[in-house]
Every structure is written in C-alpha cells, then in structure tokens.
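Working notes, structure below.
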Amino acid sequence: MTTPILDFVSRYSESQPLRLHMPGHKGRNLLGPEHADITEIPGADVLYHPTGIILESEQNAAALFGSFRTVYSTEGSSLPIRAMVYLAALYAAKNGKRPLIAAGRNAHKVFITAAALLDVEVNWLYPENHGSLLSCEITPEGLEAYLQQAQVIPTAVYITSPDYLGKRSDVEGLSRVCRKYGCLLLVDNAHGAYLNFLEESLHPMALGADLCCDSAHKTLPVLTGGAYLHISQSAPPLFAEAADQAMALFASTSPSYLILQSLDQANKILSSGWRDSLKRAVGEWEKVKQRLREAGFQLTGQEPLKLTVLSKSYGYTGDELANILEEKNIFCEFSDPDHLVLMLPAEYDRSLPEVLTKALLEVPRRAAISIPAPVLHRPEVVLRPHEALFRPSQVVPAKAAVGRIMADPTVSCPPAIPVVCSGERIEKWAVAAMEYYGITQIRVIIENEVTQ
C-alpha cells in the first residue's frame, strides 16, 4: 500500500531546502524528528480540503476499514466526536427537524460539550441493570423499548463501544433497531480501531454503524493524536459531502505532519502482515487472562487487547494494584477504586506476557473488599446544557455543591466521564460519587444566575 504523505515529506527533507516557512525550528533536529515536521506547503495538500497526497492516504485507510470515506484527525478522537455531533445536527436541519441524540450515559465529556455548544438536545440512555460510571450496557431490546415509547424519534443514537473497561456493545443488533426506526447510529470506537483487523472484524463499519471515530494512537502503531472519522457505505450522502466542513469547524489549522505521516505509514503496516501479529497476540494474551482467572483474579470485558481486573475481589483497590505494578516498572492505562485497566500490545517481545503474569501472580491475595461502588441515579435536569454552559459560573468544593447546578463538567482524562452533566442538579448521591472517584472541585452555576 502506498505512503504518499511519508514519501513527500522524505523527498522534501532530503532535498535540504531553505525553509522560509513554519515551523520555527526550520528543520533543525533539536529533539530528532524536526526534519520531518512541516506545514501545509505546496504539494503537501490541505488536511480538511484534500485533493492530493492526503486524499490518497485517506482513501487507503478507507479501503482498509471498509468505509465510504475516512478522514484523518491529528487531534485524537475528540475532533471526530465533535464532527459526528455536528453532522447529526446538519442532517436533522436538512430534514427540517431539531437535532436530538439518544446517548449512552457513559459518553466522553467531549460529546457532552459538543452537544452543549451546538445546542443539540440529548436524551440519556441508561442500562436496564445498575451501571457504573464507566459502563452503560445498551441492548438492542432496551433501545427498541425506548424508541417504541419515544414521543420524538431521535436523529441518532450514540454509544461508546468498547468502553473504558473493554466491554463491547451489540453494534450489529443496535444498528438493526436504528434502521427499523429511521435513526442513525454513531459509535465512539476510540478504543477499538484494532477490532477491524481481527479474524472476523468487530469494527463498527463492519457491523452497521453510520459514523464512528477511532483513536488510531490508542491501539494501532500510530503517534499520539492520530485518529479517524469513518463514514459508512450506507450513511446519508450529506455526511461524506460535509465531513471536511465538520472537521474543519473544530480543528486546528496547523495539523501535525508528523502525525499525518504516522497515519500514512500505518496503512502500509496494517496491510502487510499486521493481522497475523494481532492474531498471535490475541491468543497469547488470552492465555495470560486464563492463568490470572485460575489464580483468583476476576476479569471483565470482552475486548481481547484489554485486561480489566475487578480488583476488590482480590483484596485490593485498582489504585493499589497499579502502584504495585509501577514499583515493577509496569504502568497501567487506568485505575480507580474498583478497576485496573491494562491495554495490551499487538506487537511485543515474547517475554512480555510472562513478565506481566509473574508480576500479578506475585501479589498475595487478600480478603475481598466489600465496599461497593456508589450507585448512580438519574439527575434532575434544570437547564439545557447549552444554557448551562454559558451562565456565569464558579469553582466550589464538591462537598459544598449539593443542590447546585453543574456548569461545565470538567473531569480529567482518563476516564473523562462526568457524574453530573451541564444543567443537571447536584444531589447528595452525586457528591458521594464524586468524592469516591477523587473529584474534589467542580464548576457550578452562580446561584442567582440559575433562574435568569
């Protein structure tokens, strides 16, 4: 598979040009990669108006993922998520309707702020059984029950799959329900780009989603920030037509060509035997998971390259297990009081599975911790998110926020999933949950501004 972006930059760098353009380092290697760090000079194409090397590279990626159109992002999945919300709003407007998205409650904060900024109404979908902050299992049956009772059919359904714990939704089943009721399916697949390269693809493009984002950098051999917006073969034509506009609306006008080269090179890697490496890795890591289960570790999630330990059953918090591993120079993706999350490599030294297994099996099992995670309820909606985001606000201690209205739910990443969203009332259960997850300061609307 061709690598047009990489080839162009290599030729340019090797010609040792006099660089009288950005960036300011002028190609001098201060850190190492500066010679390959360029801007949108003639011949380098324009990311969100591509007609040359970027378009060719994106078409290569689209062929790999089976999408009608794939657009690159050098700003992670945050940018494609915003673009998906905008495209849904554009589609609703074209059909003379106000945009409404039904979304799983474990949505990333970028979806929430995008909907608020664009004034897109969100109806939250909750799992049939008790969910956690990180997971929200929306089944096809549950979605159909919601749509049967809905006074207004939403423009789109938005889910996060896989979620932070490695749990996957039945995207194919949800897609069938969406088509039955005439709504679109948008998938935050930030953690699942590699699912396309399993023996049987589990990628949203193969399972019926209309739009999805992938963070290539999370699970593929791509630099941090590299991501995709995928548009399916069956999506409304408007999406492909307006994709560049949607991305450019929120994007930097100075995309990283280092990241673009990484995405470009990934096409060649992924089409040249990477599937075989992935197949071997999935098999080896499954053996590790089985050994850990036999030793008493309780695991969750169906994602093959994510190892999620329900740590309390083994007598530790996830944070404690993470600290133990750090002492052995092993660093996890995420931990909280209940979980330890490890993202496993597809390409690795053959000793790594044994290193990780040994490190975890050396941890002595203790009596299970019986303190449960807090139960999350449905908050009272006081203001539309758009209204709440633009009201005067202040930062207060979480424990002093009972009864107040959330402004911008600034939460760190990972996991970037808020307990309470913009415009919702903060109740005692929410404060207890925030304290449990280490959220000590929050932004609330100034009290006399709520009713104005």
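Here the sequence shown is numbered in our numbering, starting from 232 and rising by one per residue. No residue lacks a Cβ here, since even glycine has one placed at the ideal position from N, Cα and C. Bear in mind the structure is a predicted one, so any value in this text is a computation, not a measurement.
- Burial state of L262 is exposed, judged by a 10 Å Cβ sphere holding fewer than 16 other Cβ atoms.
- Judged by DSSP in its simplified three-state form, C367 adopts coil rather than helix or strand.
- In the three-state reduction of the DSSP assignment, N260 falls in the coil class.
- Rounded to whole angstroms, R259 and H266 show a C-alpha spacing of 6 Å.
- When A338, S503, L480, Q464 are compared, the shortest CA-CA separation from P452 is found for S503.
- Looking at K411, T539, E578, the one whose alpha-carbon comes closest to that of S566 is T539.
- In the displayed model, M436 falls within a helix according to three-state DSSP.
- Taking a C-beta distance under 8 Å as the contact criterion, V613 and I636 qualify as a contact pair.
- Counting only the Cα atoms, G397 lies some 28 Å from Y412.
- For the options P616, S493, G255, L571, the alpha carbon positioned closest to that of P645 is the one of L571.
- With 16 or more other CB atoms across the displayed protein chains lying within 10 angstroms of its CB, L416 is buried.
- In the structure shown, V240 adopts helical secondary structure according to DSSP, grouped into three states.
- An exposed status is given to S485, since fewer than 16 other beta-carbon atoms sit within 10 Å of its beta-carbon.
- Each residue's CA atom was taken as its position, placing L331 and L321 some 11 Å apart.
- According to DSSP, residue pairing for T531 in a beta bridge involves T539.
- The C-beta of S392 has 16 or more other C-beta atoms within 10 Å across all chains shown, which makes the residue buried.
- Q382 is bridged by DSSP to nothing; it lacks a bridge partner.
- Linking P616 to I676 through their CA atoms gives a straight-line distance of about 12 Å.
- Between the segment 292 to 303 and the segment 331 to 341, the count of Cβ pairs shorter than 8 Å is below three; the stretches do not touch.
- Contact between P468 and V519 fails: their C-beta atoms lie close to 46 Å from each other, not under 8 Å.
- Residues L349, A477, L480 of the same chain have their beta carbon placed closer than 7 Å to that of Y317, with the five preceding and five following residues left out of the count.
- Secondary structure of A664 (DSSP, three-state): helix.
- Under a 10 Å Cβ-count criterion, S582 is classified as exposed, with fewer than 16 other Cβ atoms of the shown protein chains found around its own Cβ.
- V627 and A275 have their C-alpha atoms spaced approximately 48 Å apart.
- Rounded to whole angstroms, V383 and V341 show a C-alpha spacing of 25 Å.
- Per DSSP, reduced to three states, the secondary structure at H570 is strand.
- In terms of CA proximity to I648, S366 leads the group W660, S366, L429.
- Restricted to the segment 407 to 463, the alpha helix (DSSP H) segments that are unbroken, complete and at least 4 residues in length are 435 to 438, 447 to 450, listed in chain order.
- 8 Å or more divides the Cβ of N554 from the Cβ of N291.
- When DSSP states are grouped into helix, strand and coil, V642 belongs to the coil group.
- L251 is classed as exposed because its beta carbon has fewer than 16 other beta carbons within 10 Å across all chains shown.
- Using a 10 angstroms sphere on the CB of L249, the tally of other CB atoms stays under 16, which defines it as exposed.
- With a cutoff of 8 Å on beta-carbon distance, V662 and A629 are scored as near each other.
- Around the beta carbon of N360, fewer than 16 other beta carbons lie within 10 angstroms, which makes this residue exposed.
- A319 and A387 have their C-alpha atoms roughly 7 Å apart.
- Inter-residue distance for V650 and L438 is about 30 Å (C-alpha atoms, whole angstroms).
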